[in-house]
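One structure is given here, and the rest of the page talks about it.
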Amino acid sequence: MVVASIPNQPHQFSIPKDNHGKNPEIDFGVKEQECISLVKTCRSMDEFKKVHGKILKLGLFWSSFCASNLLATCALSEWGSMDYACSIFRQMDDPDSFEFNTMIRGYVKDMNSEEAFFTYLEMLEFGVEPDNFTYPPLLKACSILSAFAEGAQIHGQIYKMGFVEDVMVQNSLINVRMDHKTIASWSALIAAHANLGMWKECLRLFSDMNWEGKWRAEESTLVSVLSACTRLGVLDSGRCTHGYLIRNLTGFNVAVQTSLMDMYVRSGSLDKGMSLFLEMGEKKNRKSYSVVISGLATHGHGEEALKVFDEMLERGLKPDDVAYVGVLSACSHAGLVEEGKKYFDRMRIEHRVEPTIQHCGCMVDLMGRAGLIREALEFIKNMKIEPNEVIWRSLLSSCRVHQNVELGELAAENLFKMNTRNAGDYLNLCNIYAQARRWEEMSITRVKMASNGLGQEPGSSSVEVKRKVHKFVSSDTSHSQCDEIYEMLHQMEWQLKFEGYSADTSQVLFDVSEEEKRQRLSSHSQKLAIAFSLINTSEGSPVRIVRNVRMCSDCHTYTKLISTIYEREIIVRDRNIFHHFRDGNCSCKDYW
Ligand SMILES: [Zn+2]
Ligand SMILES: [Zn+2]
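Residue numbers (UniProt numbering): 1 to 592.
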């Protein structure tokens, strides 16, 4: 097949392998920066080839960062060349998802869908995991491929080779999609988007389908729609779907019930999820138990999660790896170190579940959170599986919480070696240095982050009010109710002063004046979102916020106090856990 011929393409450059290491006589970092700036200034293939030559001469091609930049510029620029990009790509020792995605995007840009698919296949063959940047260009490639026979042939190959047939086959459905609308094509279309993680599209399609008024969604479609609501954390839309279910179906099957439960639990409504769980009675299966166990864990009810696990065992259901992820994360969130270790052994010995990387992640998290950072490191060293970035990242955050510079540096080093290109890792390290008041190292880390082209993901907080999602960033002034929001913020601060609140400026990452730190803190996105909710929702109703990055400790303290002063329950989804603020306390017990 065609894909096999690609790896043997003749190289346009031959590089002696002994040039492999960097040249010791040049300052690597500085030269690397210069070269990358040069790459960015290229406006034609001629210029580009010269810069490429220079990089080869300096031995910098083996800096994977330099090579990624070269590749992306060559593949994606208007003046670029995919042939040339391919020759660069072929010389990379160990291309990762970023490079594969670049190639796929480049081919799609050139309307060369087939090569895009082959690159995708090759990516799978290499064992490089596709991510959410992989699929959008592939979707586009499907629509470009109008020749159905060729598309089918590709599918045939994918089938034969045993590659994730679902995603690919369903991709093509999008292509043939709406020529003849049937309930089956709607279902397939919605399912395809759900499989690709395109949750917003999924909800939009569902509402289009309903808008046409003549279709009645199948149960499997409703499961996809519920997953979309779950992933997006949009509780109101989830409730509407629940309403739709009640109007259109008589009695739900276990799969629908479990998805409903999952949606409520993961959108922050644990109570509703739990009551559905209880209603299920004898119908509860392994999956429903797993959903509730991990739900209780992420909502900070570790002990209850373990009780539900016991019930599951009593009912004779054999726990699988998913249930154990829930159990171990319950121990981790509740700080139950000894229990966690026991469960880990029980899982392997009694239930014969091989520890996966997720289980190991839970264990590292468990020890790290409890401040047993050395022990966590020992665990990592003894793992049978190669530690992945999640493991090192978990150790890094523990080092931030427990202020351990030495091991924090070690964890960060491992992450940077993996070339994960995650701004959060740099920020965590910065945070560790800032707490230790090591400003110089902090600023070096920030410079490194910027020079790697990584921007700090701006923290944002979203609230859903009347089925509309409002998103705020720090110091946001773009909202139509901006004046009211800042007025509310001002009132809130006034009230907080009476409660003895003073801003915790220790985690502001800049060496700036105290006053400026306070300024920055006071308009963090979460505070704006709370102010907005207090204005726009009725008294006593809960406030639900979804954040993209971890909240700072000042926002945590602030939200606790606001929950008593305004007598509101405030639920914040902070990446993967929920904080329930009520009467001045948080369900995470300040342990996150
Ligand atoms: Zn904050
Ligand atoms: Zn909390």
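Even for Gly, the Cβ is constructed at its ideal location relative to N, Cα and C.
Practice task
Please confirm whether any heavy atom of ligand 2 lies closer than 7 Å to the CB of H579.
Solution key: yes
Problem - Cβ shell of G232 (< 6 Å), same chain only, five flanking positions each side left out - result: The question names Gly, but residue 232 in the sequence shown is Leu. These residues qualify, in order along the chain: W199.
Practice task
Please confirm whether any heavy atom of ligand 3 lies closer than 7 Å to the CB of H556.
Solution key: For the structure depicted, ligand 3 is absent and the ligand set comprises only ligand 1 and ligand 2.
Practice task
Please work out which residues of its chain come closer than 7 Å, Cβ to Cβ, to H52, disregarding the five sequence neighbours upstream and downstream, and give them in chain order.
Solution key: L70
Problem - Every unbroken alpha helix (DSSP H) inside the stretch 487 to 565 [4 residues or more] - result: 514 to 522, 525 to 536 and 553 to 565
Practice task
Compare the C-alpha of R547 against each of V234, A531, R575 and E354 and name the closest.
Solution key: R575
Practice task
Counting only the same chain and skipping the five closest in sequence on each side, list residues whose C-beta sits under 7 Å from that of H242.
Solution key: L260
Practice task
Output yes or no for whether 8 Å exceeds the beta carbon distance between L278 and L245.
Solution key: no
Exercise for the section: Please name the residue or residues paired with R573 in a DSSP beta bridge. Expected result: V546 and F578
Handout entry: Residue from V254, I190 and M209 with nearest C-alpha to S224
Key = I190
Exercise for the section: Whole angstroms is fine: what's the gap from G584's alpha carbon to L496's? Expected result: 12 Å
Exercise for the section: Could you check what DSSP says for S77 in three-state terms: helix, strand or coil? Expected result: coil
Exercise for the section: Take the Cβ of V447 as the centre, count every other Cβ of all protein chains shown within 10 Å, and call the residue buried at 16 or more, exposed below. Expected result: exposed
Exercise for the section: Compute the minimum distance between the beta carbon of C430 and the heavy atoms of ligand 2, and state whether it is under 7 Å. Expected result: no
Practice task
Can you give me the start and stop residues for the alpha helix (DSSP H) that V327 sits inside?
Solution key: D321 to A334
Handout entry: Contact under 8 Å by Cβ, R544 with I571
Key = yes
Exercise for the section: Would you mind stating whether A297 and H351 have Cβ atoms separated by less than 8 Å? Expected result: no
Problem - Closer than 8 Å to chain D by CB, G106 - result: Among the chains of the structure shown, chain D does not appear; only one protein chain is present.
Practice task
Kindly examine ligand 1 and report whether one of its heavy atoms sits closer than 7 Å to the Cβ of H524.
Solution key: yes
Exercise for the section: Taking S461 as part of the beta strand (DSSP E), name the residues at either end of that continuous run. Expected result: S460 to V465
Handout entry: DSSP three-state assignment for H242, whether helix, strand or coil
Key = helix
Handout entry: C-alpha gap between V465 and A217, whole angstroms
Key = 26 Å
Practice task
Go ahead and label C66 buried or exposed: buried means 16 or more other beta carbons lie within 10 angstroms of its beta carbon, across all protein chains shown.
Solution key: buried
Practice task
Look at L306 and A323 and say whether their C-beta atoms are less than 8 Å apart.
Solution key: no
Handout entry: beta-carbon C586 near ligand 2 non-hydrogen atom, thresh 7 Å
Key = yes
Exercise for the section: Spatial neighbours of S187 within its chain, please: CB distance less than 6 Å, with the 5 preceding and 5 following residues excluded, ordered by chain position. Expected result: E218 and T221
Practice task
Taking H524 as the reference, give the member of E516, D476 and R568 with the closest Cα.
Solution key: D476
Practice task
Taking 8 Å as the threshold, find out whether the stretch 94 to 102 comes into contact with the stretch 433 to 449 through three or more Cβ pairs.
Solution key: no
Practice task
Assign E165 to one of three DSSP states: helix, strand, or coil.
Solution key: Confidence in E165 is poor, its pLDDT being 42 and thus under 50, which makes the residue's placement unreliable; the coordinate value appears in the next sentence. Reduced to three states, the DSSP call for E165 is helix.
Practice task
Can you say whether G300 is buried or exposed, counting buried as having 16 or more other CB atoms within 10 angstroms of its CB?
Solution key: buried
Exercise for the section: Look up F472 in the DSSP assignment and say whether it is helix, strand or coil. Expected result: strand
Practice task
Indicate, with yes or no, if ligand 1 has a heavy atom lying under 7 Å from the CB of L245.
Solution key: no
Handout entry: Counted within 10 angstroms of its Cβ, other Cβ atoms place K417 as buried (16 or more) or exposed
Key = exposed
Problem - M551 CB to nearest heavy atom of ligand 1 below 7 Å - result: yes
Exercise for the section: Under the assumption that A75 contacts T102 (Cβ atoms under 8 Å), give the Cβ distance between them as a whole number of angstroms. Expected result: 5 Å
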